[in-house]
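In what follows, a structure is listed as structure tokens, so that the remarks can point back to it.
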């Protein structure tokens, strides 16, 4: 029976691929199909080799956002280029690829990822619009489109942002993107997990880094961040929730795995890192998929 289900799922995917990829009318069936395959994988009814065969049916190319995310030319999932392609709705013009990029861009998870730029801007405006000389530390900064768009939209240039990333290519890309605000933005190449600083910051932001950290590293890094905050300072950590409906697509098609956490789990980790439970708030973007842990000293 399991083999029959597997054959049916492979045949269903092959039909979608055969007509050039998913059309909007195919989206509900494709999403259900990926959900079934993912559930069987999680239950041990499918092995990694089965998933690899399933993925092999789907055309992948670096020219497409989907292919770029899967092939990982920069060596890791969620690299700065993949993230910025999502921000920009990059869609291949190649037949057989464009329909898959369209499907990727309408997924709730990718929409939630884009929403965090607006979230960042609104949060930062609320914290610094009446403050002179504010300082923000941006950890695992990636492409820095959030920073670039903040300065372009608000003109709140009476503060500065230090952006830290372990990927030199990300920093080169980000520096080019932030040319118009280069006097307010500084870049530093460093492994964030080993990063040390004698500076103290009113604000620390990390949009997606903690999605990739197991609990032990999450607590260790957050504890160090706590020591970098000024009295009354605030750190905001982004983390996707387990309710993310795009998990099957991410894991089955893109081989993109992150640590999903609930509000309760985020608060427990923050307490373990030394923050008081009374100084914690967990917020989210409009879809409720990308959570944001706010912790104050």
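Residue numbers (UniProt numbering): 1 to 297.
Ideal Cβ positions, reconstructed from N, Cα and C, are used throughout, including at glycine.
*Distance, Cα to Cα, residue 91 vs residue 159?*
C-alpha separation (whole angstroms): 35 Å.
*How would you call residue 215, buried or exposed, if buried means at least 16 neighbouring beta carbons within 10 angstroms?*
Under this definition residue 215 is an exposed residue.
*Is it true that the CB of residue 120 sits closer than 8 Å to the CB of residue 228?*
No. Outside cutoff.
_Range covered by the alpha helix (DSSP H) that runs through residue 283_ = Counting along the chain, residue 283 sits inside no alpha helix (DSSP H); it lies in the beta strand (DSSP E) bounded by residues 280–284.
*Within 10 angstroms of the Cβ of residue 163, are there 16 or more other Cβ atoms? Answer buried if so, exposed if not.*
Within a 10 Å sphere around the beta-carbon of residue 163 sit 16 or more other beta-carbons, which makes this residue buried.
*asked:* Assuming contact is defined by CB atoms lying nearer than 8 Å, are residue 21 and residue 99 in contact in what I supplied?
replied: Yes, they are a contact pair.
*What do you reckon, is the C-beta of residue 291 under 7 Å from a heavy atom of the ligand ATP?*
Of the ligands one can find in the structure shown there are none, so the ligand ATP has no counterpart to examine.
*asked:* Need the endpoints of the beta strand (DSSP E) that residue 237 sits in, please.
replied: Per DSSP, the unbroken beta strand (DSSP E) holding residue 237 starts and ends at 229–240.
_alpha helix (DSSP H) segment containing residue 99, residue limits_ = According to the DSSP assignment, residue 99 belongs to the alpha helix (DSSP H) that extends over 98–105.
*Leaving out five residues before and five after residue 62 in sequence, what residues of the same chain have Cβ atoms less than 7 Å from its Cβ?*
Within the same chain, residue 62 has close Cβ partners 68, 71 and 73.
*Check whether the Cβ atoms of residue 188 and residue 135 sit closer than 8 Å, and answer yes or no.*
For residue 188 and residue 135, no; Cβs fall outside 8 Å.
*Report the three-state DSSP secondary structure of residue 195 (helix, strand or coil).*
Residue state, collapsed to three classes: coil.
*Buried or exposed: where does residue 299 fall if 16 or more other Cβ atoms within 10 Å of its Cβ makes it buried?*
Outside the displayed span of the chain (1 to 297) sits residue 299, for which this structure offers no information.
*asked:* Starting from residue 43, trace the alpha helix (DSSP H) in both directions and tell me its first and last residue.
replied: Where residue 43 is concerned, there is no enclosing alpha helix (DSSP H), given that its DSSP letter is neither H nor E.
*Where does residue 256 fall in DSSP's three states?*
Per DSSP, reduced to three states, the secondary structure at residue 256 is coil, with no helix or strand assignment.
*What residues are listed by DSSP as bridge partners for residue 135?*
Per DSSP, 160.
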